Every structure is written in C-alpha cells, then in structure tokens.
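Everything below concerns the one structure shown next.
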Amino acid sequence: MKIKSFHPPQRVLMGPGPSDVSPRVLAAMARPTIGHLDPKFVELMDEMKSLLKYAFQTQNELTMPVSAPGSAGMETCFVNLVEPGDKVVVCQNGVFGGRMQENVERCGGIAVMVQDDWGRAVDPQKLEDALKANPDAKVVAFVHAETSTGALSDAQALVEVAHRHGCLTIVDAITSLGGSPVMVDAWDIDAIYSGTQKCLSCTPGLSPVSFSPRAQEKIRNRKSKVQSWFMDLNLVMGYWGGATKRAYHHTAPINALYGLHEALVMLQEEELENAWARHQRNHLALRAGLEAMGLDFVVPENERLPQLNAISVPQGVDEAAVRALLLSDYQLEIGAGLGAMAGKVWRIGLMGHASNPRNVRLCLGALDDVLG
Ligand code: PLP
C-alpha cells in the first residue's frame, strides 16, 4: 500500500511549546521558495535583523536567527563564548539549567552550579556568593523563563551581579521573548538566545540570538578555534553580517524564515508592550478559573510566568489520563511535568497566538468537565 500525504489534526496547543501558529505565518511559509542569495531574499534578511532587534530591544549588530531549534541557539552561545578551561557559573532552577551545564562541560569549561528550588526564581544573592567564591569565573549563564516549572527570574538583577564580578552573561529567553519584557540593551545582556515556537507564534526550528559588542570582542579574541564549524559566529557573520556582499555559509531555511519574518511583523503591529499585557491579562483570567476549581500553582505569585502556568495535579488524579482525554475529546494539548516534576504537574501554556480569551475558556471548561 502506498503511503498517502500527511494531514495533521487541528489541535489547540496550550502546552509548553510549540504553541499555535498564526494562519498568517503558515500562509507566508507557503510562498514560493527563492534562492538564499537572491537580492530579494537578502532584503528579507535585512528586515529580519531589524525586526529581531525590535523584539530583543537591542541595537546589537550581531542579531540573527540560527538555522536550527532553540537548543542550537543555546549551543551557539556556549561554543562561541566558552573556551577550554573557562569557569562558568550556571544558575539552575529547572531542567534547562542542566542543559547549560552539559554545554559548558562539552566545551571543555568548568561548570560551577548554583542551585535554586524548582518552581522558584534564581536568587541573585546565591549568584553573588558563588562569584565571590569563584573570582576566576568568566561567564554567568541562567534561564530567564524556566519552561519546566513556570518560574520567571530577574534577568536585570542577575546580569548586574555578573558584571560587577567581571563576567559575561548568557541568557536563555526561549519562553520569555514576546511574552514578557526582555530588554537586551537596557539590562546589558551579552549573549541571548530564544526560540520561534513559543511566544513568537511561529513554527519550531529557528533560534533568534543576539550578541553585545563585549561578547563579540571575546569571540574575536579567542585563543582556540570554535569547535563547531556550523555555529562558529565568525563564519556565520559572513552570511548574516552587515557586509554589503553576503557569502554562502549554509543554505538558509528560506520558507521557515518567511514564517519568522511574518511572525515578527505581527509582533511589531501589535507592539511589544501590548503583547506583554495580553499575555498577562489571559494569565490572570486562567488563574482565576483554575483557582476557582481548587487547583494550585507551583510558583509563588510574584515569580510566575504569564505564558507558562504550572499547576499541581490533585491527589488521586491520573494526570496522563486527563491529558489524553483533553487531546481526544477537546483537541486540546496541555503539557506534562518535566524532569523532577514529571507526573506531579500540568503545564498550561498561553503563548503568542494561543494566548487569547477563547483558549482560556476552552481550557477551563474542558478541565472542569474532565476533572468532574
Ligand atoms: N530552553 C528552554 C527554556 C526551553 O523551554 C526549550 C524548549 O522548550 C529549550 C531551551 C530548547 O529549545 P528547542 O526545543 O527549540 O531546541
């Protein structure tokens, strides 16, 4: 029997990502493919850079999407900024801080871990203490929005501590960009990466990154070659950089970039402040309904992400069965717990295009039905 074309079901994506993709973005991705050095495509790349600068609130020239998912953006930051023997302080308050440790060690660096409880923000005082105890540390890395728990950390305060101790900063903004304030220049962040599949309402598979002039200087003055050819920013910049003539580096994912361009145009139309306010409004509506149903949040109120709501599974409830019913009967996807929180929490995303009152009502109604 011949295999036929794949037609996915129409779901509502309210998990930890990917989130619902706007029809405008999907339509943009279906436009004709052109060459990656076509003058028209080069125009799109220039626009993309300025749209990303807006999203990140930065003037950094080295701002572009890495042609691979968020994990590749993460790796791009580490392989370029960490050299063998470098000491890196990694703040961990969930799953993704653990991946940062892996990255440091695979670059030949020494990871000094600063642990916070899962479900809490990173504590700047603990970072301060770790940096006092490790005056030779060169880089500080932390996750701004921990998707595994729904905790938002104070990036500005953490960067300030890191800089006072002479360290560069690597910030994971995969879940925060577009949903919560991310102010790269005002907060003086050195290297930051994000993903397209969360609050930007685009398909997965691209990772916007931005590097400050200070980070670029460190990359230029490396003693050793970046061990990854694909992610070596010195080479990628020949394609994405400000040069008048762009040189071939890799074949860009043309249609995926049409999609990101459209998603960023939509963000610009809505304006960042309005997008942040929309995420907060819908979070508050969801929260009111969940609390009325007697469901508890994992994260204390003042450390919560509006776009990722982690709630404790009530005693005696089969959490996987609930998620399966939501999917089969309501076409609604919510997320399971990850790592240490597996089996204990549900993660309800209200990200990007999916952060709207209709989804809030759908989710509350469906959960109420299923939990009886
Ligand atoms: N960092 C955080 C905070 C994430 O939430 C994710 C994905 O959910 C990643 C990194 C990895 O991104 P990707 O799955 O796009 O590779």
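According to UniProt numbering, the sequence shown is numbered sequentially starting from 1. Note that CB positions come from ideal geometry on N, CA and C, so glycine has one too. Because the structure is a prediction, the values reported are computed rather than measured.
By a C-beta neighbour count over all protein chains shown, 10 Å radius and 16 as the cutoff for buried, is residue i buried or exposed?
i    : result
K138 : buried
R214 : exposed
D172 : buried
N274 : exposed
W229 : exposed
A151 : buried
V317 : exposed
Q315 : exposed
G94  : buried
N221 : exposed
E291 : exposed
G294 : exposed
K223 : exposed
R347 : buried
I3   : exposed
Does ligand 1 have even one heavy atom less than 7 Å from the beta-carbon of residue i?
i           : result
Q197        : yes
P23         : no
I174        : yes
V143        : yes
Q149        : Looking at the sequence shown, residue 149 is not Gln but Thr. False, no ligand heavy atom lies under 7 Å from that Cβ.
F78         : no
F6          : no
F96         : yes
P69         : yes
G17         : yes
residue 402 : Examination of residue 402 is not possible in this model, given that the chain is present from 1 through 372 alone.
M48         : no
M341        : no
M14         : no
M74         : yes
Please list, in chain order, all residues of the same chain as residue i whose beta carbon is under 8 Å from its beta carbon, the five residues on each side excluded.
i    : result
Y54  : L264, L267, Q268, L272
C167 : V89, L131, A137, K138, V139, V140
A366 : L326, D329, Y330, L332
H261 : A28, L44, E47, M48, L51
Can you list, in chain order, the residues of its chain whose CB lies under 6 Å from that of residue i, leaving out five sequence neighbours each side?
i    : result
D86  : G109, K138
P18  : Q197, P204
V322 : V370
A145 : L152, T175, S176, L305
Short of 7 Å in beta carbon distance, which residues of its chain neighbour residue i, apart from the five on each side in sequence? Order them along the chain.
i    : result
A252 : H36, S67
Q216 : L62
Would the region 301-321 count as touching the region 279-290 if we require 3 or more Cβ pairs under 8 Å? Result yes; three or more Cβ-Cβ pairs closer than 8 Å.
Can at least three beta-carbon pairs, one atom from the region 360-370 and one from the region 313-330, be found at a separation below 8 Å? Touching, yes, given that three or more Cβ pairs across the two stretches are closer than 8 Å.
Would you say the region 119-128 touches the region 287-306, given that touching needs at least three Cβ pairs under 8 Å? Per the Cβ contact rule, the region 119-128 is in contact with the region 287-306 (3 or more Cβ pairs under 8 Å).
Touch check for the region 329-348 and the region 72-91: three-plus C-beta pairs under 8 Å? Segment contact: the region 329-348 against the region 72-91, fewer than three CB-CB distances shorter than 8 Å; contact not assigned.
Assess, as a yes-or-no matter, whether the region 180-198 is touched by the region 38-49 under the definition of 3 or more beta carbon pairs within less than 8 Å. Put simply, the region 38-49 does not touch the region 180-198. Fewer than three CB pairs are less than 8 Å apart.
Pairs of beta-carbons, one from the region 149-167 and one from the region 21-39, closer than 8 Å: are there three or more? Touching, no.
Does the pairing of the region 95-104 with the region 342-362 give three or more beta-carbon distances under 8 Å? Under the 8 Å Cβ criterion, the region 95-104 does not count as touching the region 342-362, having fewer than three qualifying pairs.
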